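Note that this note's numbering has the sequence shown beginning at 2, numbered continuously upward.
All C-beta atoms, glycine included, are put in the ideal place defined by N, C-alpha and C.
Since we're looking at a predicted model, the values are computed, not measured.
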Amino acid sequence: MLETNDMLFAYAQWFETSGPDADPYTRIEAGPHGWWYTNRLPGIQEGATRRLVVFHTDKDLPQAKMAASPDGFQQLLGNSAHIGPLLEQQGYRPLGAIRGAAANSQRLVSFCGDAWMAVGDAAQAYDPLSSQGIDKALRTGSHAGHLIHYALSDGQVAGSELGQDNHYIGQYVMQQQQLWQSYVSQRDFYYQTQPRWAEQAFWQRRRSPG
């Protein structure tokens, strides 16, 4: 069972240009109704340079409906201060369809049960602004593997006792709870450092922790 923390949704569009693009950096830009991400794909694909552009906003806001259509996406992009001009200067044009996916913060209510344990995004998924997905998956996978090993190696623990009440499994649950609380605090801090557009719904929702 999932506990959802917000309604963040991502709308992604590929762009391509026949000219060179020497900008190798990941770029993030805040806007009135959400935030943008872009990065150039290394190398040349079918004679063109490609760049991914993603707009993040809340699923229930009017800008989400706009971002799902080519014209609306281009209108929102045209209002951006940096990423839109970057694409225009480099001669980029849209490629393919816009794709959408949930990008909200969410976690399982229970991280473990009888003979099962959730790790990585199966346990808790983070806002992509955190850039913690791969690191979290590797760390929680390692923690889970070690604690399962300890639980199975304990001669006093029967196989039927590998639930949340097991001492080692309980440690994993505690780690997951601490990770979630730390993540939520850091996410809220970074969103709240953005002082502009305080009257807009996207940012108003992120003025209060949690």
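Backbone secondary structure at residue i - three-state DSSP
{"i": "residue 18", "result": "strand"}
{"i": "residue 56", "result": "strand"}
{"i": "residue 118", "result": "strand"}
{"i": "residue 9", "result": "strand"}
{"i": "residue 96", "result": "strand"}
{"i": "residue 38", "result": "strand"}
{"i": "residue 50", "result": "strand"}
{"i": "residue 188", "result": "helix"}
{"i": "residue 44", "result": "coil"}
{"i": "residue 89", "result": "helix"}
{"i": "residue 212", "result": "Since the first and last residues shown for the chain are 2 and 211, residue 212 lies out of range."}
Residue i versus residue j: straight-line alpha-carbon distance, rounded
{"i": "residue 181", "j": "residue 125", "result": "8 Å"}
{"i": "residue 65", "j": "residue 73", "result": "9 Å"}
{"i": "residue 205", "j": "residue 122", "result": "27 Å"}
{"i": "residue 120", "j": "residue 193", "result": "29 Å"}
{"i": "residue 48", "j": "residue 188", "result": "39 Å"}
{"i": "residue 145", "j": "residue 173", "result": "7 Å"}
{"i": "residue 28", "j": "residue 39", "result": "5 Å"}
{"i": "residue 89", "j": "residue 77", "result": "14 Å"}
{"i": "residue 114", "j": "residue 196", "result": "42 Å"}
{"i": "residue 34", "j": "residue 175", "result": "35 Å"}
Nonlocal neighbours in the same chain, by C-beta distance under 7 Å from residue i, ignoring five residues either side
{"i": "residue 103", "result": "10"}
{"i": "residue 15", "result": "51, 53, 96, 97"}
{"i": "residue 30", "result": "36, 37, 81, 82, 83, 84"}
{"i": "residue 41", "result": "22, 24, 25, 50, 52"}
Proximal residues to residue i (C-beta, below 6 Å), its chain only, five neighbours per side dropped
{"i": "residue 50", "result": "18, 22"}
{"i": "residue 149", "result": "none"}
{"i": "residue 143", "result": "none"}
{"i": "residue 151", "result": "169"}
Per-residue burial, residue i [other beta carbons within 10 Å of its own, 16 or more giving buried]
{"i": "residue 94", "result": "exposed"}
{"i": "residue 128", "result": "buried"}
{"i": "residue 154", "result": "exposed"}
{"i": "residue 139", "result": "exposed"}
{"i": "residue 116", "result": "exposed"}
{"i": "residue 32", "result": "buried"}
Close beta carbons around residue i, own chain, < 8 Å, minus the five adjacent residues each side
{"i": "residue 107", "result": "3, 4, 5, 6, 125, 126"}
Expected contact under 8 Å - CB spacing of residue i and residue j to nearest Å
{"i": "residue 101", "j": "residue 12", "result": "5 Å"}
{"i": "residue 58", "j": "residue 69", "result": "Residue 58 to residue 69, Cβ: 10 Å. No contact."}
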